[in-house]
């Protein structure tokens, strides 16, 4: 018997303007049929404008609206749970976007 928290087969998803939370949610039944146990996804946090990857986080407390809403992300997580699947969320804990879009950057008077 497999423990739910132990990834056995992951599928990597890169969120973007062309592949949002709802698109990932719609793939869950198909991925489950393939034997995927966990989705491994790119960051969901607010990133720099027109970020193509999401790793230039501007605000880790807000969802990136280009990818969907908080509710849509919650629906993805719920769908995964319904299929007995898990989520691995990639994060970048050691740096943030150096831009005016990052309120913490401006707060400390750094030049972008």
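Residue numbers (the numbering used here): 20 to 131.
Where a beta carbon is used, it is the ideal one built from N, C-alpha and C, also for glycine.
Here the structure is a predicted model, which means the values were calculated and not measured.
Counting along the chain, the unbroken beta strand (DSSP E) around residue 65 starts and ends at 64-66.
Exclusion of the five residues before and after residue 71 leaves no residue of its chain whose Cβ lies closer than 6 Å to its Cβ.
DSSP places residue 38 in the strand class (E or B) of the three-state scheme. The alpha-carbon separation between residue 24 and residue 62 amounts to approximately 20 Å.
Judged by DSSP in its simplified three-state form, residue 51 adopts helix.
Counting only the Cα atoms, residue 27 lies some 24 Å from residue 41. In its chain, beyond the 5 residues on either side, 62, 74 and 76 have a beta carbon closer than 7 Å to the beta carbon of residue 111.
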